[in-house]
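Student: I'd like to ask some things about the structure below.
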Amino acid sequence: RITNVKSRYAEGTLLSILKPSPDRVSPRCPHYGSCGGCQLQHAAPSCHALLKKGFLEEALYHLPHPPIDVVPSNHVWAWRRKITLHVKGGKLGLIGNDNTSLIPITACPIFFRPEEENTIIALTIVARTLADQSDICCFRLPNDALAIMVKSPRQIPRTLLKQLTAVPSMEAFSIHCPSWNYSEGLHDFSFEALGSRWYFSIDAFVQNHLSQSEQVWKTVIDRVGSGKLKILDLYSGIGVTAISLARQGHSVTAVEYSKKAVLAAKKSASNTPLTLLWSKVETAIPKLCCDYDWWIVNPPRSGLSEQALRFLLDKRPQNVLYVSCSPATLARDCRALVQAKWNIVWGKAFDLFPQTTHFETVLQLAL
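Now the structure itself:
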């Protein structure tokens, strides 16, 4: 049934399944279909990579490019390391498919494990004391325990402390509201990847799927290769690719706007020679007069800003590695680069977000 007609597409709802695909399965989550978090739980994980390859091909349809494969994930449940639960009317949940309503949850199999039902119940009790628009952010630590951050635009009663300490598997927590802030336990942690130790803060962005993220980092590093090249790494996060490339002898400048991510990167870098800049990309690029052999860009889902894209087009680096979690904005930005005589010479994608339509793509564009 058609429910909404747009200028270039229409939206509808499913009436019935006349003949199910052999790859159709029963969704594991009881909220699937109403919650907006997952879109592919009705499809067997074995076909997710093929589906996502189709999404990518559709996005890049009008751009000349080599074949691009999607690397499937071998960890498709409880893979998320961070989830933000919202509070409305004393209820705890996730935003629904309509991007407005709150879906109270009793499970979330891409984050919580089956044995953590009591954790969800305890967090639901915490939510009853919080005002609307409050958030409860849960972070999965490397030892599988949880760190919890509560944020509220209004006063939080101090009785919340007792409720939080009763949450199973919790190792650290923090409370943030206008009148007081409080924390217990560590909030800066580390993990092992690529043969090194990397530091991070749960307050800064960290990729959700560690094993798949490691493959992405390794792919970027291997694609640049060895030698002594000048590399600009924009939106560098906690610095895994920038530091790894610097340790291979490259001259690396990394730019990141999150102060906590930059501090974590400096701690991970130790004595590694590289330049780490705490700055917005748009502010930093005009001050960087050096020519770079490679630009690595890993922007947010919204893609490169108009200013950042314009700088890239003006500087004309020989090679660009574009890392993206959004095929739509990736295609938009690549269209501008292809029109400016770059060619998409290589690509690879990774299923970093199982059970959803999202994935991570790495494209190399060369002049």
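When you read off a place in the sequence shown, starting at 1, and then add 37, the result is the number in our numbering.
All C-beta atoms in this analysis are idealised placements derived from N, C-alpha and C, irrespective of residue type, glycine included.
For Ser307, which of Gln170, Ala283, Gly49, Pro354 has the nearest alpha-carbon?
Tutor: Within the sequence shown, residue 307 is the residue found at index 270, counting from 1. Measuring from the Cα of Ser307, the nearest candidate turns out to be Ala283.
Student: Could you compute how far the alpha carbon of Leu100 sits from the alpha carbon of Ile158?
Tutor: Your numbering for residue 100 matches position 63 in the sequence shown. Your numbering for residue 158 matches position 121 in the sequence shown. Those two C-alpha atoms are separated by around 49 Å.
Student: Just to confirm, are Ile280 and Ser305 a CB contact at a threshold of 9 Å?
Tutor: As a first step, residue 280 must be located in the sequence shown, where it is residue number 243. As a first step, residue 305 must be located in the sequence shown, where it is residue number 268. Yes. Within cutoff.
Student: What would DSSP say about Arg177, mapped onto helix, strand or coil?
Tutor: Along the sequence shown, one-based indexing puts residue 177 at 140. Three-state result, Arg177: strand.
Student: Taking the CB atoms as reference points, tell me whether Thr320 and Val289 lie closer together than 9 Å.
Tutor: Translated into the one-based positions of the sequence shown, residue 320 becomes position 283. Translated into the one-based positions of the sequence shown, residue 289 becomes position 252. Cβ atoms of Thr320 and Val289: not closer than 9 Å.
Student: For Ala166 and Ser189, I'd like the C-alpha separation in whole angstroms.
Tutor: Residue 166 sits at position 129 when you count from the first residue of the sequence shown. Residue 189 sits at position 152 when you count from the first residue of the sequence shown. Reading the sequence as shown, one finds Thr at residue 166 and not Ala. Distance between the alpha carbons of Thr166 and Ser189: 11 Å.
Student: Decide if Ala403 is buried, meaning its Cβ has at least 16 other Cβ atoms within 10 Å, or exposed.
Tutor: Your numbering for residue 403 matches position 366 in the sequence shown. Ala403 is exposed by the Cβ-count criterion.
Student: If you run the structure through DSSP and keep just helix, strand and coil, what is Asp259?
Tutor: Numbered from its first residue, the sequence shown carries residue 259 at position 222. Asp259: helix per DSSP, three-state reduction.
Student: Looking at the secondary structure, which residues open and close the alpha helix (DSSP H) in which Pro364 lies?
Tutor: Here residue 364 corresponds to residue number 327 of the sequence shown, with the count starting at 1. It spans 364-376 - the alpha helix (DSSP H) in which Pro364 sits, taken as one unbroken run.
Student: Going by alpha carbons, who is nearest to Ser71 out of Ile132, Tyr272, Lys352, Cys214?
Tutor: The sequence position of residue 71 within the sequence shown is 34, counting from 1. The shortest C-alpha separation from Ser71 is found at Ile132.
Student: Just list the residues that DSSP pairs Lys56 with in beta bridges.
Tutor: Here residue 56 refers to the residue found at position 19 when the sequence shown is read from its first residue. Note: Lys56 sits in no beta bridge, so no partner.
Student: Quick one: give me the first and last residue of the beta strand (DSSP E) that Gly73 is part of.
Tutor: What you label residue 73 is simply residue 36 of the sequence shown in a count that begins at 1. Where Gly73 is concerned, there is no enclosing beta strand (DSSP E), given that its DSSP letter is neither H nor E.
Student: In or out: Gly74 buried (at least 16 other Cβ within 10 Å) or exposed?
Tutor: Here residue 74 refers to the residue found at position 37 when the sequence shown is read from its first residue. Answer is buried; the Cβ neighbour count reaches 16.
Student: Under 9 Å, do Ala301 and Ala291 count as touching if we go by C-beta distance?
Tutor: Position 264 of the sequence shown holds residue 301. Position 254 of the sequence shown holds residue 291. No, the Cβ-Cβ distance between Ala301 and Ala291 is not below 9 Å.
Student: Have a look at the DSSP bridge pairing and note the partners of Val318.
Tutor: Along the sequence shown, read from residue 1 onward, the residue named residue 318 stands at position 281. Val318 is not bridged to any residue.
Student: Does DSSP put Phe242 in a helix, in a strand, or in coil?
Tutor: In the sequence shown, residue 242 corresponds to position 205, counting from 1. Correct three-state label for Phe242: coil.
Student: Thinking C-beta only, is Leu269 closer than 9 Å to Ile333?
Tutor: Along the sequence shown, read from residue 1 onward, the residue named residue 333 stands at position 296. Along the sequence shown, read from residue 1 onward, the residue named residue 269 stands at position 232. Taking 9 Å as the Cβ cut-off, Ile333 and Leu269 qualify as a contacting pair.
Student: Just the Cα atoms here: how many angstroms apart are His102 and Arg353?
Tutor: Position 65 of the sequence shown holds residue 102. Position 316 of the sequence shown holds residue 353. Distance between the alpha carbons of His102 and Arg353: 19 Å.
Student: Quick one: complete alpha helix (DSSP H) runs, 4+ long, within the region 271-319?
Tutor: List check, alpha helix (DSSP H) in window: 277-284, 296-306.
Student: Helix or strand or just coil, what does DSSP make of Leu100?
Tutor: What you label residue 100 is simply residue 63 of the sequence shown in a count that begins at 1. The answer is coil: DSSP assigns Leu100 none of H, G, I, E or B.
Student: Cβ-heavy atom distance between Arg284 and the ligand SAH below 8 Å?
Tutor: By its list of ligands, the structure shown contains no ligand whatsoever, and the ligand SAH lies outside what it can speak to.
Student: Just to check my reading of the structure: Leu197 and Val187 have Cβ atoms closer than 8 Å, yes? What is that Cβ distance to the nearest angstrom?
Tutor: In the sequence shown, the residue the question calls residue 197 occupies position 160. In the sequence shown, the residue the question calls residue 187 occupies position 150. The Cβ separation is near 7 Å, so the contact holds.
Student: Looking only at its own chain, which residues have a Cβ that is under 7 Å from the Cβ of Pro146, when we skip the five neighbours before and after it?
Tutor: The count along the sequence shown starts at 1 and reaches residue 146 at position 109. Taken in chain order, the residues that qualify are Arg65, Cys66, Trp114, Ala115.
Student: Pairing CB atoms from the region 138-145 with CB atoms from the region 82-101, are three or more of them under 8 Å?
Tutor: With a cut-off of 8 Å, the region 82-101 and the region 138-145 do not count as touching, because too few Cβ pairs lie within range.
Student: For my contact list, Lys90 and Val107 are in at a C-beta cut-off of 8 Å; report their separation, rounded to the angstrom.
Tutor: Indexing the sequence shown from 1 puts residue 90 at position 53. Indexing the sequence shown from 1 puts residue 107 at position 70. So it is a contact: roughly 5 Å between Cβ atoms.
Student: Take Trp383 as the anchor and find which of Trp235, Thr366, Pro57, Val357 has the nearest alpha-carbon.
Tutor: The count along the sequence shown starts at 1 and reaches residue 383 at position 346. Per the Cα distances, Val357.
Student: Assign Ile162 to one of three DSSP states: helix, strand, or coil.
Tutor: Locating residue 162 in the sequence shown gives position 125, where the first residue counts as 1. Correct three-state label for Ile162: helix.
Student: Using only CA atoms, which one of Val62, Arg191, Thr40, Pro59 lies nearest to Leu52?
Tutor: Here the question's residue 52 lines up with position 15 in the sequence shown. If we check each option's Cα against that of Leu52, Thr40 comes out closest.
Student: Whether or not the region 356-372 and the region 220-232 are in contact is what I'm after, with contact meaning three or more pairs of Cβ atoms, one per stretch, closer than 8 Å; do they touch?
Tutor: In short, these stretches do not touch, since the Cβ pair count stays below three.
Student: Which first and last residues belong to the alpha helix (DSSP H) in which Ala345 is found?
Tutor: For this step, residue 345 is matched to residue 308 along the sequence shown. Here the alpha helix (DSSP H) through Ala345 covers 343-352.
Student: Return the Cβ separation of Glu154 and Leu183 in integer angstroms, given the expectation that the two are a contact with Cβ distance under 8 Å.
Tutor: In the sequence shown, counting from the first residue as 1, residue 154 sits at position 117. In the sequence shown, counting from the first residue as 1, residue 183 sits at position 146. Wrong, their Cβ atoms sit about 14 Å apart, outside the cutoff.
Student: So, using beta-carbon positions, are Leu389 and Val253 closer together than 9 Å?
Tutor: By 1-based counting over the sequence shown, the position of residue 389 is 352. By 1-based counting over the sequence shown, the position of residue 253 is 216. Cβ distance < 9 Å, so Leu389 and Val253 count as in contact.
Student: Whole angstroms are fine: how far does the CA of His79 sit from the CA of Leu367?
Tutor: Along the sequence shown, one-based indexing puts residue 367 at 330. Along the sequence shown, one-based indexing puts residue 79 at 42. Straight-line Cα distance between these residues: approximately 27 Å.
Student: Tell me which residue opens and which closes the beta strand (DSSP E) that Lys119 is part of.
Tutor: As a working note, residue 119 is residue 82 in the sequence shown. It spans 119-125 - the beta strand (DSSP E) in which Lys119 sits, taken as one unbroken run.
Student: Please report the straight-line C-alpha distance between Thr121 and Ile381, rounded to a whole angstrom.
Tutor: For the purposes of this step, residue 121 is taken as residue 84 along the sequence shown, with counting starting at 1. For the purposes of this step, residue 381 is taken as residue 344 along the sequence shown, with counting starting at 1. Approximately 36 Å between the Cα atoms of the pair.
Student: In terms of DSSP beta bridges, what is Phe228 paired with?
Tutor: Along the sequence shown, read from residue 1 onward, the residue named residue 228 stands at position 191. Note: Phe228 sits in a beta bridge opposite Trp235.
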